[in-house]
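Here the sequence shown is numbered in the numbering used here, starting from 9 and rising by one per residue.
Don't be surprised by glycine CBs; every beta carbon is placed ideally from N, CA and C.
Treat the numbers as computed from the prediction; the structure is a model and nothing was measured.
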Amino acid sequence: VTSPESVSKMVTAFENDFSTIDFCVNNAGIFTPDAAIDIAPETFKSVIDVNLNGVFFTAQAAAQLMVKHKNSGSIISTASMSAHIINQPQNIANYCAAKAGVVHLTKALAVEWAKYNIRVNSVSPGYIQTELVASLKDLLPTWLSKMPEGSRLGFPEDLVGIYVYLASDASLFATGSDFIVDGGYTIL
Numbered sequence: 009v010t011s012p013e014s015v016s017k018m019v020t021a022f023e024n025d026f027s028t029i030d031f032c033v034n035n036a037g038i039f040t041p042d043a044a045i046d047i048a049p050e051t052f053k054s055v056i057d058v059n060l061n062g063v064f065f066t067a068q069a070a071a072q073l074m075v076k077h078k079n080s081g082s083i084i085s086t087a088s089m090s091a092h093i094i095n096q097p098q099n100i101a102n103y104c105a106a107k108a109g110v111v112h113l114t115k116a117l118a119v120e121w122a123k124y125n126i127r128v129n130s131v132s133p134g135y136i137q138t139e140l141v142a143s144l145k146d147l148l149p150t151w152l153s154k155m156p157e158g159s160r161l162g163f164p165e166d167l168v169g170i171y172v173y174l175a176s177d178a179s180l181f182a183t184g185s186d187f188i189v190d191g192g193y194t195i196l
């Protein structure tokens, strides 16, 4: 997703197979648990490149295809609760910055692309049991202690409903919004 050329090829292949696109989900993410004072510039840039630039390149290519075929649609970007809070005790300033950028990019694109009837929203998951979170499993007790229910992390299946909603016509009046799905983590 960090290469506009690769994204363009992917969208062209999609167009060849399906003509147009009704919805696009931008869902790529990496982080490095490096203290901001020590992080190497290339590491910082790589996290921004995947988590923010990749979202833009993919959203742009999808929107161009929608406009080309005069098709309204929905673009959904995966942000993170890290766009709204500072995760502790792990050090992921680069990730927080990138995901906050995704939330604001979503709002900006929603304004720009409304004239094309393209809705742009984001989803901000909390701690979900994925490979990304597995590397920090020692922090599980800390995370659970900060959740109202405190019994579990989310499962990928907990996110299905919000993505289906945003991809469907049920969300025709939703654009420029960020939907936090975090088991209540950010409310405490």
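For residue i, the nearest candidate out of the options (CA to CA)
| i | options | result |
| --- | --- | --- |
| V58 | C32, Q72 and T86 | T86 |
| I126 | S176, T150 and A44 | S176 |
| F26 | A91, M74, I56 and P49 | M74 |
| S11 | V33, A67 and C32 | A67 |
| P41 | A101, V168, S179 and Y173 | A101 |
Spatial distance of residue i from residue j (CA atoms)
| i | j | result |
| --- | --- | --- |
| Y171 | P164 | 11 Å |
| N24 | L196 | 48 Å |
| I29 | D46 | 42 Å |
| G62 | A44 | 22 Å |
| D146 | G134 | 17 Å |
| K115 | V33 | 16 Å |
| E50 | T150 | 30 Å |
Cβ pair residue i, residue j closer than 8 Å
| i | j | result |
| --- | --- | --- |
| D186 | S132 | yes |
| V141 | A70 | no |
Three-state class that DSSP yields for residue i in the structure shown
| i | result |
| --- | --- |
| V111 | helix |
| G169 | helix |
| F22 | helix |
Residue environment, residue i, which counts as buried when at least 16 other CB atoms sit within 10 Å
| i | result |
| --- | --- |
| F181 | exposed |
Closer than 8 Å to chain B by CB, residue i
| i | result |
| --- | --- |
| E165 | Of the protein chains in this structure there is only one, and it is not chain B. |
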